[in-house]
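Colleague:
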Amino acid sequence: VFPDKLPEIPPVREVEFNIELIPWSKPISKAPYRMAPIEVKELKDQLQELLERGFIRPSVSPWGAPVLFVKKKDGSMRLVTEIVRARLYSSECRELNKITIRNHYPLPRIDNLFDQLQGAMHFSKIDLRSGYHQLRVKEKDVSKTAFRTRYGHYEFLVMPFGLTNAPAVFMDLMNRIFHEFLDKFVIVFIYDILVFLKSKEEHEDHLRTVLQTLRQKKLYAKFSKYEFWLSSVAFLGHIVLAERITMDPAKV
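The sequence shown: position 161 = 161 (UniProt numbering), numbered continuously.
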């Protein structure tokens, strides 16, 4: 459940990521961006790793977005296609997201999630590792994820970060997987999982159930972000305690 890296391309699941376009949309392709030397090295390393895991493959698609790097909280760099730029920098609306038909699967209201925690005394938090990369792209839509680099033209076989419907599709998957446990002892927001209960004995059993479910479904979590047996926990921009829920000062 807690590998250092995602081991391989995910299995075919009951939900796959599809990209439905507005009628009469045409493929979009742009030249690669210029990169600093340190980014060029990182690009080569990440492309090799993604190829070895089977997450990307060489492409002959008429689609092709440029790529850039976004620094993560831990200091590492995440490779993203230009479509992410609108989400991170709000500089302009990227073309693929603009012509994609929106998936209106609902994300849960955060206040409704927190309502389920009333009376809970024990908490464990699980964050999936590179969650979106644990879901396949439908084969018919793989070509639309294509991106261009100085090292070649590639396309994603797993869901890339930044596509407009990614949160909705992943939420659909997680709700299906944890359906029988939701609001009983688990709440889920996209790839963040919180296990909660009043008694320590029940919490242990239910935590085991959640981990077994992840193992059965071949979903992998990040051990560095796994927190368990907590009396208070930071979750979705809030601090959750048994007696109250407050805003997380670090997020204000």
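Every residue, glycine too, gets a C-beta built ideally from N, C-alpha and C.
1. Determine the closest residue to residue 112 out of 245, 20, 153, with distance taken between C-alpha atoms.
2. In three-state terms, what does DSSP make of residue 12?
3. Please state if the CB of residue 163 and the CB of residue 136 are separated by a distance shorter than 8 Å.
4. For the beta strand (DSSP E) containing residue 127, list its first residue and its last residue.
5. Just reading off the beta strand (DSSP E) that residue 194 is part of, what are its end residues?
6. Is the beta carbon of residue 173 sitting closer than 8 Å to the one on residue 60?
7. Closest to residue 128 by C-alpha separation, out of 237, 7, 236, 225, would be which residue?
8. Under the three-state reduction of DSSP, which class applies to residue 155: helix, strand or coil?
9. Determine the extent of the beta strand (DSSP E) in which residue 239 is found, giving its start and end residues.
10. Which of helix, strand or coil does DSSP assign to residue 211?
11. Tell me the DSSP secondary structure of residue 31 in three-state form.
12. Contact defined as beta carbons within less than 8 Å: I believe residue 253 pairs with residue 124. What is the distance between those atoms, to the nearest angstrom?
13. DSSP state of residue 119, grouped into three classes?
Modeller: Answer, in terms of the structure:
1. Here residue 112 refers to the residue found at position 112 of the sequence shown. Residue 112 has its Cα closest to that of 245, out of 245, 20, 153.
2. Within the sequence shown, numbered from 1, the residue matching residue 12 stands at position 12. Coil, per DSSP.
3. As a first step, residue 136 is located in the sequence shown; it is residue number 136 there, counting from the start. As a first step, residue 163 is located in the sequence shown; it is residue number 163 there, counting from the start. No, they are not a contact pair.
4. If you number the sequence shown from 1, residue 127 lands on position 127. Residue 127 -> beta strand (DSSP E) spans 122-127.
5. Locating residue 194 in the sequence shown gives position 194, counting from the first residue. It spans 192-197 - the beta strand (DSSP E) in which residue 194 sits, taken as one unbroken run.
6. Within the sequence shown, numbered from 1, the residue matching residue 173 stands at position 173. Within the sequence shown, numbered from 1, the residue matching residue 60 stands at position 60. It is not a contact, given that the beta carbons lie outside the stated cut-off.
7. By one-based count along the sequence shown, residue 128 stands at place 128. Nearest C-alpha to residue 128: 225.
8. If you number the sequence shown from 1, residue 155 lands on position 155. Residue 155: strand per DSSP, three-state reduction.
9. As a working note, residue 239 is residue 239 in the sequence shown. Taken as a continuous stretch (DSSP letters only), the beta strand (DSSP E) holding residue 239 covers 238-241.
10. Position 211 of the sequence shown holds residue 211. Reduced to three states, the DSSP call for residue 211 is helix.
11. Here the question's residue 31 lines up with position 31 in the sequence shown. In this structure, residue 31 counts as coil in the three-state DSSP scheme.
12. A query on residue 253 cannot be resolved here, the shown segment of the chain reaching from 1 to 252 and no further.
13. In the sequence shown, the residue the question calls residue 119 occupies position 119. Note: residue 119 maps to coil in three-state DSSP.
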